[in-house]
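Heads up, the thing below is written out as structure tokens.
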Amino acid sequence: MTQPMPLRTVREGIELSPIKAMELKASAIPDVVSLAQGIPSFDTLDIIKRAAIDAIRDGKVSKYSLSPGLPALREAIELDLRGDHLYYDYSKEILITAGSIEAITAILLTILEPGSEVVIFSPSYASYPQAVKVAHGKVVWVSLDEDNGWSLNLDRVEQAITPQTRVILFANPNNPTGTVIGRDQLQALAKLAKRHSIYLLIDEVYKELRYSNQPYWNPASDPTVKDFIVTIYSFSKIYAMTGWRVAFAAGEASLMQEVLKVHDALVTCAPVVSQYAALAALELAKTDREDVRKELEFRRNYLCERLDRLKPFFTYQFPTASYFVFPRYRRDQPSVEFANELLERAHVAVVAGSAFGPAGEHHIRLCFGRAREDIDRAISRIASYIQIL
Amino acid sequence: MKTIARTILEWWLHGCVRIALVRFRPMMIAIVGSTDKTTTKLAISAELRSHGHRVRAHVKSYNTSIGLPLAILNLESGGSSAGQWTRVMAAALWNCCFDDDFPNIIVVELGVDHPGEMRGLLRLITPIICVITTVTGEYVTHFGDLEAVAREFGTVAKMVPSDGLVVLNNNDLRVKELGKNGQAKIVRIGHAASSDAVIQDQQSSQVGQQWTLTYEGKQTTCHSIGTGRHNQFAESAAVVVDQWIDRHANQKTV
Ligand SMILES: Cc1ncc(COP(=O)(O)O)c(C=O)c1O
Chain A
5 MTQPMPLRTV
15 REGIELSPIK
25 AMELKASAIP
35 DVVSLAQGIP
45 SFDTLDIIKR
55 AAIDAIRDGK
65 VSKYSLSPGL
75 PALREAIELD
85 LRGDHLYYDY
95 SKEILITAGS
105 IEAITAILLT
115 ILEPGSEVVI
125 FSPSYASYPQ
135 AVKVAHGKVV
145 WVSLDEDNGW
155 SLNLDRVEQA
165 ITPQTRVILF
175 ANPNNPTGTV
185 IGRDQLQALA
195 KLAKRHSIYL
205 LIDEVYKELR
215 YSNQPYWNPA
225 SDPTVKDFIV
235 TIYSFSKIYA
245 MTGWRVAFAA
255 GEASLMQEVL
265 KVHDALVTCA
275 PVVSQYAALA
285 ALELAKTDRE
295 DVRKELEFRR
305 NYLCERLDRL
315 KPFFTYQFPT
325 ASYFVFPRYR
335 RDQPSVEFAN
345 ELLERAHVAV
355 VAGSAFGPAG
365 EHHIRLCFGR
375 AREDIDRAIS
385 RIASYIQIL
Chain B
196 MKTIARTILE
206 WWLHGCVRIA
216 LVRFRPMMIA
226 IVGSTDKTTT
236 KLAISAELRS
246 HGHRVRAHVK
256 SYNTSIGLPL
266 AILNLESGGS
276 SAGQWTRVMA
286 AALWNCCFDD
296 DFPNIIVVEL
306 GVDHPGEMRG
316 LLRLITPIIC
326 VITTVTGEYV
336 THFGDLEAVA
346 REFGTVAKMV
356 PSDGLVVLNN
366 NDLRVKELGK
376 NGQAKIVRIG
386 HAASSDAVIQ
396 DQQSSQVGQQ
406 WTLTYEGKQT
416 TCHSIGTGRH
426 NQFAESAAVV
436 VDQWIDRHAN
446 QKTV
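First to last, the protein sequences are chains A and B. For the first sequence, the numbering used here begins at 5 and goes up steadily by one. For the second sequence, the numbering used here begins at 196 and goes up steadily by one.
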């Protein structure tokens, strides 16, 4: 009898994101409280939903859009990016994707050859390594410096670059550390990318979730390095639209026209109803967006105050962005085990730090995008549990 | 079906716009097209401002029956909140009566989803200048085909009075044919030598792009920070509109 061919995903260890795996496991336990997956507790704003409903009623969403996305949405994005001194020609350089993870994967599929290396900071978003592997690449970790507030050491990045390196991929602000890389380091990273002729993929899905006065800056605003940078943005987070699957990538035309081919092969176009929703988000939801940010800032402060009371068991870097806290726990136990124990014994779902790369070990990630009551209950349960340890 | 609240809101805002337009008599410039309306609007308003005109152009596209009044009265959408919309209505009333900063020129976008909608918007404003950007497939749904979309856009060009100006994108095969039965002067801008205003010698610059615009025998070097042909058209339209307004103002004062 002939056997099916062995599958590449199995052979190369491509896994379902550990975050989603944790949510799945948690859903089987009654009365569980989850601070695991990065989902805001809010519903999508009414004004966005209404625009989507109008688009459906008007019969605008039943057909594919152009592969790169609705021109009106791309134009609105071009104009919005101008506010950040980022100048892109929407007709060739802006691509609407089905979530930022599709953008990241399509870009990696475009750029990487088998065996190409992608530098990823550790800890960072758990799906990056999977996307790199799907695109036949190899992950090269560069650890962030926990003792220095999870800062980036540029020398380590430089040392990690080899002739096989094609991309440096990172989130700014970062998930799970909630830290923001400042202008000087971003400038240096961009110059490094240019010097080595590699791409800097900057994932800005948490761009609006910043709680300090540190100004936002993207190195693509510098025309001398712009061609080496691709910026990725998602409507998922600040607009509470994770389920709509809509995001965009902006980069230099000759690269983006190639990414378009991969995007076309993967999804044809981003969901058209979601593109109309995204247009409404950009045009009409700025005021509401600030309310969401303020609420999340409140939740961050609340969660951190509660964590402070659990010192020295938990120590952490105070997050200035995103909706995550990433505490280190004082126990000699792998994070997967500790997270499982919290789930089974305290009925709290968190994500094991090792999901975010080797430097994430002995940490757990808590999401304060979840409702205040959930944060409250989860921390109370964790507090009771660690007392008996 | 429109909700009662929406109908009342629309009625209120339209009333406020009518008062404002009678009271302040601004020059209205309308931008029409499937795409690139906001880019063109912003380019024109920036050019006119840089030459000392008091111009209003909302940064958002606001181009529907509710959006257009907001753009004219310089207001923001009330978002998801009924309370916020009540404040918008109060502000609309205030602005149409007492806005000390009311501009001389307002640049607006006109957007339509259904045949005939343009006439509704044109009952509210009469543009003296109309710029038509593109006719593309995005909003065909209720029109049947792109020719019907083009005809709808063409109604604006036809409404422009004989002392007005219609600027057309000569790169767009449907747009360049519009406005033929109208009364106003037509200027077609494009890359073809047959255009009334010709875009040539395009090159990228340190910040964005530059090109030469040849119009009425005069050559102007144009720049835009944004790249791509749509930005070339938008900036060139801005130059043409600015020249027309200058001349128009001079003729009036002579
Ligand atoms: C850093 C980062 N990038 C990308 C994503 C994926 O976002 P999207 O919903 O746009 O695919 C996430 C989601 O948690 C994230 O944390």
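For every residue, glycine included, the Cβ atom is placed at its ideal position computed from N, Cα and C. For clarity, every value in this text was computed on a predicted model and none was experimentally measured.
Placement of the Cβ of THR246 (chain A) at a distance of less than 7 Å from at least one heavy atom of ligand 1 is found. Rounded to whole angstroms, the Cβ separation of SER419 (chain B) and GLN401 (chain B) is 13 Å, and the two are not in contact under 8 Å.
At a cut-off of 8 Å between beta carbons, VAL435 (chain B) makes no contact with chain A. Under the DSSP assignment, GLY385 (chain B) falls in the beta strand (DSSP E) whose first and last residues are 380-385. Going by C-alpha positions, ASP231 (chain A) is about 7 Å away from GLY255 (chain A). When distances are taken from the beta-carbon of GLY42 (chain A) to the heavy atoms of ligand 1, the shortest one is below 7 Å. CYS308 (chain A) is not a Cβ neighbour of PHE317 (chain A), given a cutoff of 8 Å. Taking the Cα of PRO75 (chain A) as reference, the smallest distance to any Cα among B:THR234, B:ALA241, B:ALA252 is reached at B:THR234. Proximity of LEU288 (chain A) to chain B, defined by a Cβ-Cβ separation below 8 Å, is satisfied. When the beta-carbon positions are compared, HIS200 (chain A) and THR235 (chain A) stay at least 8 Å from each other. Annotated as proximal: PHE219 (chain B) and PHE297 (chain B), with beta-carbon spacing under 8 Å. Annotation: the continuous alpha helix (DSSP H) that includes ILE267 (chain B) extends over 262-268. If you ignore the 5 residues before and after ALA102 (chain A), its C-beta comes within less than 6 Å of the C-beta of ARG249, VAL271, ALA274, all in its own chain and listed in chain order. Distance from the C-beta of TYR306 (chain A) to the nearest heavy atom of ligand 1 is not below 7 Å. From the beta-carbon of VAL402 (chain B), the residues of chain A found nearer than 7 Å are PRO227. Contact of LYS371 (chain B) with chain A by beta-carbon distance below 9 Å is absent, the smallest such distance being about 19 Å. Chain-ordered, the chain A residues with CB closer than 7 Å to the CB of ASP231 (chain B) read GLU79. The nearest non-hydrogen atom of ligand 1 is less than 7 Å from the C-beta of GLY103 (chain A). With respect to the C-alpha of GLY42 (chain A), the residue from A:THR114, A:ILE185, A:TYR210 having the closest C-alpha is A:TYR210. Under the Cβ distance rule, SER272 (chain B) counts among the residues neighbouring chain A, one pair being separated by less than 8 Å.
Neighbours of SER95 (chain A) across chain B, judged by C-beta separation under 8 Å: GLY423, ARG424, HIS425.
Ligand 1 has a heavy atom closer than 7 Å to the beta-carbon of VAL209 (chain A). Around the beta carbon of PHE342 (chain A), a 10 Å sphere encloses 16 or more other beta carbons of the protein chains shown; the residue is thus reported as buried.
Here the alpha carbons of ILE111 (chain A) and TYR129 (chain A) stand approximately 16 Å from one another.
Relative to the Cα of VAL355 (chain B), the nearest Cα in the group B:LEU208, B:LEU270, B:LEU317 belongs to B:LEU317.
Counting the other CB atoms within 10 Å of its CB gives THR259 (chain B) a total of 16 or more, which places it among the buried residues. Comparing alpha-carbon positions, the option among A:VAL277, A:SER358, A:ALA350 lying closest to ALA387 (chain A) turns out to be A:ALA350. From the beta-carbon of LEU259 (chain A), no residue of chain B is found nearer than 8 Å; the closest lies around 15 Å away. A distance below 7 Å between beta-carbons, with the five flanking residues on each side excluded, links GLN189 (chain A) to the following residues of its chain, in chain order: LEU156, LEU158. With 16 or more other CB atoms across the displayed protein chains lying within 10 angstroms of its CB, HIS425 (chain B) is buried.
Excluding five sequence positions before and after ALA379 (chain B), the CB atoms of its chain that fall closer than 7 Å to its own CB belong to VAL355, PRO356, SER357, GLY359, LEU360, VAL361, given in chain order.
Put simply, the CB of LEU99 (chain A) is far from chain B, with every gap to its CB atoms at 8 Å or more.
Taking the Cβ of ALA353 (chain A) as the reference point, every heavy atom of ligand 1 lies at 7 Å or farther away.
Against chain A, the CB of THR235 (chain B) has no partner CB under 8 Å away; the residue lies outside that interface.
The nearest non-hydrogen atom of ligand 1 is 7 Å or more from the C-beta of SER45 (chain A). Put simply, of A:ASP62, A:ASP88, A:LEU113, A:GLY17 the residue whose alpha carbon is nearest the alpha carbon of LEU264 (chain A) is A:LEU113.
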